[in-house]
Each structure stands twice: as C-alpha cells, then as structure tokens.
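Taking it in order: structure first as structure tokens, then the write-up.
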Amino acid sequence: MLEDTYAHSPLHKMFDNADVYGIGYDEKRASRMPVRLAVIGCGGVAQSKHIPAIMRLKTIWEPIDLVSVSIRNQQQGKKVESIYQTVWYSDYRKMLDDKKPDGVLVLGPDDKHYEFTMECFQRGIHVLVEKPITRDLRQAQHMCETADKLGLTLMTVSNKRYSPPYFRAKKLLPERPAAFLGKFNLGYDYVDILESGTIHMFDLVRYFMGDVKAVSAIATHHYDFNQCNYSFDNACINLEFKSGSIGNIFTSSTALSLKPWERVEIYGEKNWIAVEDQHTLIVNDSEVGPSKTWSPVFPNTLIFDEEFGGFMGLIENFVQCIRGKEKPLSSGWDGLKAYELVVATHQSIQEKKRIELTLE
4 MLEDTYAHSP LHKMFDNADV YGIGYDEKRA SRMPVRLAVI GCGGVAQSKH
54 IPAIMRLKTI WEPIDLVSVS IRNQQQGKKV ESIYQTVWYS DYRKMLDDKK
104 PDGVLVLGPD DKHYEFTMEC FQRGIHVLVE KPITRDLRQA QHMCETADKL
154 GLTLMTVSNK RYSPPYFRAK KLLPERPAAF LGKFNLGYDY VDILESGTIH
204 MFDLVRYFMG DVKAVSAIAT HHYDFNQCNY SFDNACINLE FKSGSIGNIF
254 TSSTALSLKP WERVEIYGEK NWIAVEDQHT LIVNDSEVGP SKTWSPVFPN
304 TLIFDEEFGG FMGLIENFVQ CIRGKEKPLS SGWDGLKAYE LVVATHQSIQ
354 EKKRIELTLE
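Each residue of the sequence shown is one higher than the one before, starting from 4 at the first, in the working numbering.
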C-alpha cells in the first residue's frame, strides 16, 4: 500500500485513467471494511493535520467515517462539527459510550494521553496517540502492555516514517550503517524543544539505526528570551547504538522556523544517504560520483502535511491495522522508546554525564 501510493493517487491512475485529481472510483480501496473513527482533542494539530488527512482519504474512496469529536472548548467543537458534519461532545467518555468508534485518535494534552488511551482500551477501542505517547515512562509501558494483552492496536504519531523520502531511504539503507547525523531546527521558542520537535528525530534515528544504548548530551541557553522559560534553546546529543554504531543530533529552537529545518545523513561502507528537509533523497555510492537524487513526483492535488508529510499514510496504516490487514509501522513501543530518548537527554544535560537506557 504505502510503497505504491504513499496514501495519495498513484501515477498510473492519474495518467492511464485520466484522473489527474485522484477522485475517480477506486474499487479496491472502496471495498475495504468500513472503519468508524473518533477524535479526542481538537486543537491545532487535529484541525490542521489529522482531520484533513481523514477527509482526503475519504475523497480517494477510503471507507472511513469521522463519527464524532470531543473537545471542551465549545467554540472549537461547534466549528469542527459544522465543517466536517460530525458530532461534537464536550464529554469524551459519553462520546465513546454513545458512538462506539472502532478507533480513536488521541490528540489532547500530553499529560492526558494515558487517561484517554486507557478509557478507550476499557471499551475495546484501538488507539492512535500523538507524540509524546505520555510524559511518564511507566504509564507509557502500561499502555503498550495493555494493548498487547487485549489484542488492540496502539500506534503513535510518527508521521515522518510515512513521508516518501524517508520511506524510500529505509529501503536503500546501507548494510550495517555506521553512523547517523541529524539536524532539526524547530525555530519556535514557545514549545519544548525536545518533546515538541526533536522527538521526531529520535523516532527516525531508531527507525534507521535500531535501539539506542546510551545518550550523552550538552545544551545551552544562549539567548536571554524564552516564552516558556525552558532551560535551554540549543542542544547537541551524542548516541551510542546497541549495534555498535554511533550518531549525533543537533537541535535548535532559536533558528528560523522557515524551511529548510531538517536533514538526516546515514553513513555506511563507501556509501551514504541523506534526506534533505523531508523532500529530497540523496544517494552517494561512488568516489567519482555523481550523486543520485530522488524526489517524489507530486500529484496535482498534493497537500503537504496530509499527503507528503505522512499523515494520510499514518491514518491509512492505522485503519488497516484495525481491519487486521497490516502491522503498525509506528507502534506504541516505538513511541515509548522515542520518549525514553527525550527523558535520557534531559537527564544527561542536567547531570552532565552519559546515560544508559534501561528499557529492553
């Protein structure tokens, strides 16, 4: 599924079937089992990324319905209800009991993820939860163990895994990669630099390199202004992997928030690959060159975050897991281990020492 379409219209459909906008009837997709989704938490990330991705999937004949949303803010709830012709609830428990969705997107405040997820599990409902999975490693582990015990899908929002250049880079990964180099310039001084941005890079580093053995990090509060009083605004994180490989991530909340803001490089033996700003894949495998570059052919209907940013692929993978047709590309356990890197990085910065990771 992902390799052929990345959740948007494949080229053969656009050209062979003269369906440039990708809305022509898709018999294979339309024949899938219908899935009923609900959303807990309808803030910015829900309204700008996840819900539009659901609607775009419906446009290309994915049989999913957004049956209800829950948010305490009446103004926002009524707006979403009106725009998407769904049902708004201020009480998420009543929504779960009334609508009995097959799956729920947990997009509310981070410190409520555990509560929301466990309430869904008690009702036998599958969950896709935003990053970070929680702000407590013990709670996160309990969420993962409960999902496994009950046979329910628990996925975390690791949308970059579904972005075409990263997805293809995984297939072209050098055998036994030796090193990882990542840059993430968030550029916002009003969010947690690690939890709200760099956690994406922590997920990618595990996606490409495997589990991390230890973290050594340094950070600076270089400028005298931060809206949320975070203790640092730039950080450099050294990683040791269980495979024996090494890595480094640099992250900043003081750089410009305009793109380009991220780059990944992975080094093998006499070869290396790079992904530039979630857009261009670069392969270097010859001393005399030239480099090989690849960028996806953009459909006429491309919407960056929904399609190219990986959100449609993420949600399609989630509903296919609910149907029993696929395995999660970004599981709850992946979300747990990404957040473990956040915790270890904070600890390393505070204690000024190397931190070994303990989760198996």
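All C-beta atoms, glycine included, are put in the ideal place defined by N, C-alpha and C.
When you compare the CB positions of residue i and residue j, do they come within less than 8 Å of one another, or not?
i           : j           : result
residue 339 : residue 164 : no
residue 65  : residue 319 : yes
residue 135 : residue 202 : yes
residue 133 : residue 109 : yes
residue 168 : residue 284 : yes
residue 54  : residue 28  : no
residue 211 : residue 345 : no
residue 314 : residue 52  : yes
residue 218 : residue 240 : yes
residue 256 : residue 214 : no
residue 91  : residue 107 : no
residue 298 : residue 282 : yes
residue 122 : residue 96  : yes
residue 249 : residue 182 : yes
residue 337 : residue 209 : yes
residue 232 : residue 222 : no
residue 180 : residue 312 : no
residue 187 : residue 254 : yes
residue 245 : residue 216 : yes
Please report how far the alpha carbon of residue i lies from the alpha carbon of residue j, in whole angstroms.
i           : j           : result
residue 287 : residue 349 : 34 Å
residue 67  : residue 324 : 13 Å
residue 353 : residue 360 : 16 Å
residue 357 : residue 351 : 6 Å
residue 174 : residue 269 : 13 Å
residue 82  : residue 58  : 16 Å
residue 20  : residue 119 : 44 Å
residue 170 : residue 162 : 10 Å
residue 1   : residue 200 : For residue 1 there is no data in the structure shown, the boundaries of the chain being 4 and 363.
residue 46  : residue 77  : 12 Å
residue 258 : residue 280 : 15 Å
residue 10  : residue 267 : With a pLDDT of only 47 at residue 10, under 50, the local geometry of the prediction cannot be trusted, and the value read off the model is given with reservation. Cα to Cα, residue 10 sits roughly 23 Å from residue 267.
residue 317 : residue 326 : 14 Å
residue 124 : residue 172 : 34 Å
residue 128 : residue 290 : 53 Å
residue 43  : residue 293 : 49 Å
residue 112 : residue 101 : 23 Å
residue 126 : residue 80  : 23 Å
residue 347 : residue 26  : 46 Å
residue 355 : residue 220 : 8 Å
residue 146 : residue 152 : 10 Å
Where does residue i fall in DSSP's three states?
i           : result
residue 365 : Nothing can be reported for residue 365: it is not among the residues displayed for the chain, which extend from 4 to 363.
residue 51  : helix
residue 189 : coil
residue 253 : strand
residue 235 : coil
residue 10  : With a pLDDT of only 47 at residue 10, under 50, the local geometry of the prediction cannot be trusted, and no value is derived from it.
residue 243 : strand
residue 360 : coil
residue 216 : strand
residue 43  : strand
residue 355 : coil
residue 279 : strand
residue 287 : strand
residue 194 : coil
residue 298 : coil
residue 21  : coil
Since residue i and residue j are thought to touch, with beta carbons under 8 Å apart, how far apart are those beta carbons, to the nearest angstrom?
i           : j           : result
residue 252 : residue 185 : 4 Å
residue 89  : residue 335 : Not really, about 26 Å apart at Cβ, beyond 8 Å.
residue 41  : residue 98  : 6 Å
residue 38  : residue 322 : 4 Å
residue 130 : residue 157 : 5 Å
residue 32  : residue 63  : 7 Å
Consider the C-beta atom of residue i and the heavy atoms of the ligand GTP; say whether any pair is separated by less than 7 Å.
i           : result
residue 110 : Inclusion of the ligand GTP in the displayed structure is not the case, the ligand content being empty and no account of it being possible.
Within the region 132–186, ranges of the beta strand (DSSP E) (whole runs, at least 3 residues): List check, beta strand (DSSP E) in window: 157–159.
Runs of beta strand (DSSP E) wholly within the region 49–133 (minimum 3 residues, chain order): As far as the region 49–133 is concerned, its whole beta strand (DSSP E) runs of at least 3 residues are 67–73, 106–109, 129–132.
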